[in-house]
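Residue numbering for the sequence shown is 32 to 196, as defined by the working numbering. Built from N, CA and C at the ideal position, the CB exists for glycine as well. In this text the structure is predicted, and so the values were computed from the model without any measurement. A quick write-up on the structure given underneath.
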Amino acid sequence: MRCPFCHNPDSRVIDSREADEGATTRRRRSCPQCSRRFTTVEEAVLAVVKRSGVSEPFNRSKVVAGVRRACQGRPVDEDQLQLLAQQVEDTIRATGAAEVPSNEVGLAILRPLRELDEVAYLRFASVYRAFTSVADFEKEIAELKARTAVGSVLEVAPSGGRSGR
Ligand SMILES: [Zn+2]
C-alpha cells in the first residue's frame, strides 16, 4: 500500500491484528522510504444504499440506535440490542452482496425484533412500513396474535403434563 506521507508506492506490514471480534484486521505499516508508520484497516465490504442513491458502509451502531428508539420503556437490554444488530448484519452478509438497499436492512431488523418485543416491533414497523391508519396497526396486530397463538400451541405441546398438575 502507498505511503500516505511521502507517497512511496510500497510499504511494509510490521504488525497485523484482528479487531472488532475478527470483523476487521488492522495492519501497522512502515514506509521503507520515509520510515514513517501508519495503520490500515481491512474489512469485508458491505454498503447500504439509501433511497436517495447515496451509499454508506453498513453500521451496526445505526441499527442499534434505530431499534433502541423503538424499544424505549420496553424490557430490552443493551446486550439484546447488540445481539439483534449482529443477527441483522449476519443476515445481510449471508446474501453475499457487497451492496444492499436500506429497506433490506429494515426487513432484516423486523424479524428478530418481532421475536424480541412485540410492542417495539409494532413501533418499528409503523415507521418503517409507514403505517397511515389504525387499520394498518390492526392488521399487523392480527398477524402477531395469529403467530402467538401458533407459537403457544407449539410451546405447550411437547412439555405435555404441565396442565395436569
Ligand atoms: Zn513514506
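Confirm the yes/no value for this check: CB of residue i, any heavy atom of ligand 1, distance under 7 Å.
i	result
Asn39	yes
Arg67	yes
Phe36	yes
Cys62	yes
Just list the residues that DSSP pairs residue i with in beta bridges.
i	result
Phe69	Arg60
Ala50	Thr55
Arg43	Ser61
Ala166	DSSP output for Ala166 lists no bridge partner at all.
Val79	Glu87 and Val131
Straight-line CA distance for residue i to residue j?
i	j	result
Ala151	Leu77	26 Å
Thr126	Pro106	31 Å
Glu87	Cys65	33 Å
Arg60	Arg33	10 Å
Glu149	Glu73	37 Å
Arg160	Gln117	22 Å
Ile45	Ala129	29 Å
Leu141	Phe36	45 Å
Ala177	Thr56	45 Å
Thr71	Leu153	41 Å
Glu49	Arg68	18 Å
Gly137	Ala96	13 Å
Asn39	Arg58	17 Å
Val80	Ala173	32 Å
Gln103	Leu144	13 Å
Ala188	Gly84	Bear in mind that a pLDDT of 48 at Ala188, under 50, signals an unreliable position, so the model cannot answer this.
Ala101	Val94	11 Å
Arg82	Val165	26 Å
Leu114	Phe162	27 Å
Pro132	Ala180	33 Å
Arg91	Leu112	10 Å
Mind reading off the beta-carbon distance from residue i to residue j? Whole number of angstroms is fine, and I expect it under 8 Å.
i	j	result
Ser42	Cys62	5 Å
Ile123	Phe168	The pair is not a contact, with the Cβ atoms about 27 Å apart (cut-off 8 Å).
Ala139	Val158	Their Cβ separation, rounded to whole angstroms, is 16 Å, which puts Ala139 and Val158 out of contact at 8 Å.
Just to confirm the assignment: which complete beta strand (DSSP E) runs, minimum length 3, are found wholly within the segment 111-163? Segments of the beta strand (DSSP E) lying fully in the segment 111-163: 130-132.
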